[in-house]
Amino acid sequence: MPRERGEKVVATNRKARHDYTVEDTYEAGLVLTGTEVKSLRAGRASLVDGYAFIDGGEAWLDAVHIPEYNEGTWNNHPPRRKRKLLLHKEQIIKISHKTKEGGYTLVPLRLYFLDGRAKVEIAVAKGKREYDKRQALRERQDKREADRAISGRRNLGD
Numbered sequence: 038m039p040r041e042r043g044e045k046v047v048a049t050n051r052k053a054r055h056d057y058t059v060e061d062t063y064e065a066g067l068v069l070t071g072t073e074v075k076s077l078r079a080g081r082a083s084l085v086d087g088y089a090f091i092d093g094g095e096a097w098l099d100a101v102h103i104p105e106y107n108e109g110t111w112n113n114h115p116p117r118r119k120r121k122l123l124l125h126k127e128q129i130i131k132i133s134h135k136t137k138e139g140g141y142t143l144v145p146l147r148l149y150f151l152d153g154r155a156k157v158e159i160a161v162a163k164g165k166r167e168y169d170k171r172q173a174l175r176e177r178q179d180k181r182e183a184d185r186a187i188s189g190r191r192n193l194g195d
């Protein structure tokens, strides 16, 4: 029985939803060393430059920055190493076919602990064009203004 219960988010990639249109999401386990796990438990990680890829029937996560553990010795891990993702074979095949279609990439969305085990949520995503990003920002601002107007009317008692 795991000592920890529930979900503890370590890092999120907020820019990913701005830069990409997310199609599918998958939860994958991570193959980590001991000092990486300790550094993650301290809440230190960055997914900003990270990406995932399929190579030889295996899924890999690359360029995710997990800083060295402060109390680590000479046995510490390199901060930006390639890490293996644990997925089912069917999921890897499905992701592989989707990314080979063209225009799709694998992006990590968040890194978290679920019942004491390190997990990463990866997404099959398609890159947005610059005008798509502006359009999404405009829609968000319009919705925010409409909500403010509605709540303002409600507060006046009309």
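With the sequence shown counted from 1, adding 37 to any position gets you my numbering. We treat Cβ as the ideally placed atom computed from N, Cα and C, and that holds for glycine.
Can you tell me where the alpha helix (DSSP H) with Leu77 in it begins and where it stops? Gly71 to Arg78
DSSP state of Tyr106, grouped into three classes? coil
Can you check whether the CB of His102 is closer than 8 Å to the CB of Thr72? no
Measure the CB-CB distance between Lys163 and Gly140 and report whether it falls below 8 Å. yes
Measure the beta-carbon distance from Lys121 to Val59 and round it to whole angstroms, keeping in mind my assumption that it falls under 8 Å. Actually they do not touch by this definition, with Cβ atoms about 23 Å apart.
Can you check the region 110-168 for any beta strand (DSSP E) of at least 3 residues that lies completely inside it and give the ranges in chain order? 120-123, 141-151 and 154-164
Determine, using beta-carbon pairs with one atom in the region 81-96 and one in the region 167-177, whether at least three such pairs fall under 8 Å. no
Beta-carbon within less than 6 Å of Asp86's beta-carbon, same chain only, minus the 5 sequence neighbours each way: which residues are those? Ala100
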